[in-house]
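Note sheet for the following structure.
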Ligand SMILES: Nc1ncnc2c1ncn2[C@@H]1O[C@H](COP(=O)(O)OP(=O)(O)O)[C@@H](O)[C@H]1O
Ligand SMILES: [Mg+2]
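Protein chains in written order, with full-length UniProt numbering: chain G, 1 to 335; chain Z, 1 to 251; chain U, 1 to 399.
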């Protein structure tokens with residue numbers, strides 16, 4: 001029993017990331033009708049937002065401490081972050097320590113901005129082009145974005161640790177322990193998912209967008225400027241992917257190709273959930289995350305070797321062949 | 001027994017009854033026109049004949065064989081060709097290439113792998129294609145990229161593609177819509193000539209009454225998914241029910 | 001000539017001339033000059049040009065003609081490589097049986113994967129191929145280790161039980177791959193004044209195979225089968241109502257392009273007898289997509305050009321470092337020189353991927369016909385003749 005609960009828990013953090021990325025992909029696909037292969041890159045950029053903030057917060061000046069010497073006998077240079085000199089050592093260092101959660105505030109405007117630029121500058125020219133062209137151009141964009149990040153941040157993963165207070169191990173029951181940050185990540189993703197759904201459900205803006213997702217032409221005929229709303233949706237989808245990336249840093253150190261790694265799986269998630277279905281994307285994200293974690297259990301692997309590596313793809317193939325609309329897909333979308 | 005027997009066919013789209021209790025018999029080597037206001041279900045009926053839709057109820061027999069449940073290419077190979085309401089041609093290909101494809105389908109059946117031979121060596125087929133293009137006055141356009149042609153030309157091309165297959169039953173969905181008057185008259189002449197020369201049955205949907213009365217041997221009026229009357233053309237003209245159906249639409 | 005019309009014959013002859021003279025064409029700089037590092041005429045790279053050319057020619061038969069975008073073709077290349085290495089291990093170091101086996105095995109896999117994937121169209125088809133390829137990749141790394149040797153990759157060893165051949169040579173080393181005795185590694189250098197040109201047996205074997213593959217693809221393009229494939233891309237609905245069943249045609253195209261990929265994989269192993277799973281990763285499949293589209297999908301020569309361009313970027317363009325840049329712009333005043341170098345720096349050398357990505361985006365956006373269309377447009381500008389609108393690939397993809 002414990003091991004089952006543990007596997008479910010283990011699946012949640014990956015599942016949360018899949019769900020968030022797939023949610024954004026579906027928002028873009030459902031509203032704009034665009035298949036966005038650059039969405040993984042947005043997730044990656046989000047993660048590098050927290051790297052950037054961490055670097056900014058760590059900006060330091062150098063002083064020479066004459067009382068100490070390094071191993072060559074020269075006087076030791078000491079770096080003090082400006083933050084520590086402004087807010088005092090304690091306050092300053094704890095701000096630095098909390099750079100990952102703080103990066104949420106930093107990432108939101110950055111990601112929305114990137115989303116706007118992407119949509120206005122590139123994607124909007126591809127609304128009427130075939131899906132294959134959309135896949136190709138966004139695939140190219142993903143390469144460009146990841147190379148830019150690689151140019152500035154290098155090819156090696158960069159650690160973005162969670163704050164001390166959130167980085168321990170939680171004793172959930174007498175027998176189950178679980179990293180605190182993963183719990184945080186799961187709650188955070190629920191919060192974001194909830195916020196997106198509430199936004200679509202309870203605001204007029206959301207209502208129009210939902211109507212647009214169901215029937216773009218009719219809404220256009222009502223004289224509502226649906227294009228601008230969709231641009232904003234693209235920004236929001238970018239922010240969702242970015243936030244998923246920001247908070248994922250402490251689980252897996254950000255590197256420039258993490259987006260491509262997640263992209264393939266996220267597409268599989270979207271297809272399993274049903275192209276264009278938001279609840280489907282979220283459900284499939286968590287389900288597949290948990291399924292993957294079950295498939296990694298010792299007992300399962302000895303039974304069917306290698307199953308943990310292929311389970312998601314296998315599920316996707318079976319679903320695509322038997323239920324082309326996915327778990328919760330609507331009729332007529334992409335058929 | 002007609003060559004095409006439609007019995008009790010019904011089709012719903014959600015709550016909408018697009019077709020109900022359609023009974024229709026088309027006699028061999030005649031031209032049967034189906035007329036009716038927009039949205040009457042005429043195109044839907046044709047869709048049920050070529051395998052695009054499967055009716056909810058009823059049966060469709062062609063030469064004594066059921067077409068229901070067969071895929072579109074099988075139905076075509078049985079001898080039914082269709083011209084669509086919006087022209088369906090191979091837009092990326094040239095006019096000539098468009099003509100070659102039905103010829104290959106006629107000669108080789110639904111599938112045959114000719115991966116090494118060159119299309120340009122198929123002398124007999126090329127001659128057939130050119131002869132047909134000549135008949136529809138398009139030989140001069142044979143090298144044109146077909147997507148760049150006018151709507152009328154696309155229609156003529158599509159009709160030529162169907163005719164060159166020498167189908168037993170030709171289904172035409174508003175074949176002259178969007179054509180200039182002269183082209184419409186040419187089309188009428190062509191269809192008349194084909195009717196005289198070959199063993200062919202034609203079912204035509206048309207709004208242009210000039211076309212209908214020039215070609216049709218029998219006319220069925222469809223309204224709200226059900227046949228209203230079926231009769232010879234001269235009896236249809238002043239038929240009160242027909243007037244009602246069309247006038248009813250105007251309100 | 002050979003059943004081709006005049007235009008195609010000319011194209012084939014040009015390609016023959018270019019591939020046969022490649023050792024000269026690719027080595028334009030004297031050995032001692034500073035630009036010698038931009039010579040691309042060394043056997044390893046020349047082999048890669050033509051092998052990836054084959055891969056892209058095959059991919060183009062599927063994507064260029066039918067519009068079905070596969071994101072999993074690298075799997076067939078990887079399978080081809082593994083099959084070939086096994087043939088070297090078990091049967092003989094002659095490359096013929098190895099290459100034959102790689103084509104056959106890749107073809108069988110393509111048949112199975114294609115049969116399943118082609119039940120869906122559009123993006124679903126792409127995702128299915130992606131899923132199959134990623135599965136093959138993951139399995140090659142894990143469960144199939146006895147067949148693939150996992151992360152290390154499959155290699156020849158000194159005690160392979162080679163039936164038609166020896167396990168080791170007299171001096172105790174691993175025998176080399178050959179074509180009836182002609183060693184693939186064999187090469188001779190021709191020195192003309194300050195220039196040096198390398199003629200490698202392996203390259204010429206690959207080049208001949210590539211020419212055959214190219215010739216086959218011309219025949220396919222001009223055949224009724226090729227016409228059907230283009231019709232599938234253009235309007236599958238019309239094809240159905242014209243009495244044709246698109247499924248077997250698309251499947252045949254898928255299998256043929258899978259066999260081309262297997263051939264490329266087999267040749268790769270024939271030149272350098274090892275095979276690793278990374279050849280099957282989806283990014284490797286993405287690469288052949290890039291090649292085909294960059295060069296011009298649906299054109300005959302495009303994929304070869306695209307493959308050549310990407311391999312050139314990867315191997316030569318990537319060598320442009322700051323020193324080289326400084327020497328190029330040294331005629332400028334110092335400050336200007338530095339800032340020009342600073343601006344160009346991210347795009348060259350290790351940043352070649354960035355340039356490639358940008359070029360690719362520009363091509364997809366503005367030149368759907370790829371480099372070939374670009375070339376045609378330029379040619380037309382020069383001719384200044386009034387011609388009919390170019391055929392552009394603005395049609396619905398097969399969905
Ligand atoms: N695929 C479909 N889904 C839903 N409704 C349809 C579909 N095809 C046709 N209809 C509806 O069925 C009715 C009949 O359409 P149609 O056969 O095209 O009429 P006609 O060709 O006589 O003008 C119309 O109300 C139309 O909106
Ligand atoms: Mg109609």
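Built from N, CA and C at the ideal position, the CB exists for glycine as well.
This structure is a prediction, so every number in the text was calculated from the model and none was measured.
Checking the 7 Å criterion, the Cβ of residue 18 of chain Z is within range of a heavy atom belonging to ligand 1. Bounds of the alpha helix (DSSP H) holding residue 132 of chain G are 131-153. Every unbroken stretch of the alpha helix (DSSP H) spanning 4 or more residues and falling wholly within the segment 224-295 of chain U is given here in chain order: 224-234, 236-241, 246-271 and 282-295. Between residue 106 of chain U and chain Z, the shortest Cβ-Cβ separation is not below 8 Å.
Residue 164 of chain Z is positioned such that its CB atom lies no closer than 8 Å to that of residue 227 of chain U.
Taken from the Cβ of residue 52 of chain Z, every heavy atom of ligand 1 lies 7 Å or farther away. Between the segment 11-22 of chain U and the segment 290-310 of chain U, the count of Cβ pairs shorter than 8 Å is three or higher; the stretches touch.
Interface annotation, residue 241 of chain U: in contact with chain Z, CB-CB separation under 8 Å.
For residue 227 of chain U, the C-beta contacts it makes with chain Z under 8 Å involve 93, 97, 100, 101, 104 and 119, in order along the chain. Around the beta carbon of residue 195 of chain G, a 10 Å sphere encloses fewer than 16 other beta carbons of the protein chains shown; the residue is thus reported as exposed. Taking each of U:85, U:32, U:81 and U:61 in turn and checking the Cα distance to residue 278 of chain U, the smallest one comes out for U:81. With respect to the 8 Å criterion, residue 129 of chain U and residue 72 of chain U are classified as neighbours on the basis of their beta carbons.
In the same chain as residue 325 of chain G, and ignoring 5 residues on each side of it, the C-beta atoms closer than 6 Å to its own belong to 274, in chain order. Distance from the Cα of residue 270 of chain U is smallest, within the candidate group U:256, U:180, U:118 and U:238, for U:180. Between residue 129 of chain Z and residue 100 of chain Z, the C-beta spacing is below 8 Å. DSSP links residue 62 of chain G through a beta bridge to G:79. Here the segment 97-115 of chain G lies against the segment 157-164 of chain G, with 3 or more beta-carbon pairs under 8 Å apart. Take residue 210 of chain G, set aside five residues on each side of it, and the residues of its chain with a beta-carbon closer than 6 Å to its own are 200, in chain order. From the beta-carbon of residue 249 of chain U, the residues of chain Z found nearer than 9 Å are 111 and 113.
Going by DSSP, residue 198 of chain U is part of the beta strand (DSSP E) stretching over 195-200.
Per DSSP, residue 324 of chain G lies in no beta strand (DSSP E) and is assigned neither H nor E. With a threshold of 8 Å between beta carbons, residue 88 of chain Z makes contact with chain U. Taken in chain order, the complete alpha helix (DSSP H) segments of 4 residues or longer contained in the segment 175-217 of chain Z are 181-197 and 209-215. Contact residues of the segment 200-211 of chain Z toward chain U are absent (C-beta to C-beta distance below 8 Å). Under DSSP, residue 31 of chain Z takes part in a beta bridge, and its partners are Z:202.
Excluding the 5 residues flanking it on each side, residue 74 of chain Z has same chain C-beta neighbours closer than 8 Å at 51 and 110, in chain order. Of all residues in the segment 73-86 of chain Z, only 73, 76, 77 and 82 come within less than 7 Å of chain U when Cβ atoms are compared, listed by chain position. Chain Z places no beta carbon closer than 8 Å to that of residue 380 of chain U, leaving this residue out of the contacts. At a beta-carbon threshold of 8 Å, none of the residues of chain U lie near residue 158 of chain G; the nearest stands roughly 18 Å away. Straight-line spacing of the CA atoms in residue 372 of chain U and residue 295 of chain U works out to 6 Å. Using a C-beta cut-off of 8 Å, the segment 18-25 of chain G makes contact with the segment 232-246 of chain G, since at least three inter-stretch Cβ pairs fall below that distance.
In this structure the segment 25-45 of chain Z touches the segment 204-222 of chain Z; the number of beta carbon pairs closer than 8 Å is three or more. DSSP, read as helix, strand or coil, puts residue 6 of chain Z in strand. Shown here for residue 204 of chain Z: same chain residues with a beta carbon closer than 6 Å to its own, the five before and five after excluded, namely 33 and 172 in chain order. At a cut-off of 8 Å between C-beta atoms, residue 161 of chain Z counts as an interface residue with respect to chain U. Nearest in C-alpha terms to residue 186 of chain G, of all of G:156, G:17, G:4 and G:197, is G:17.
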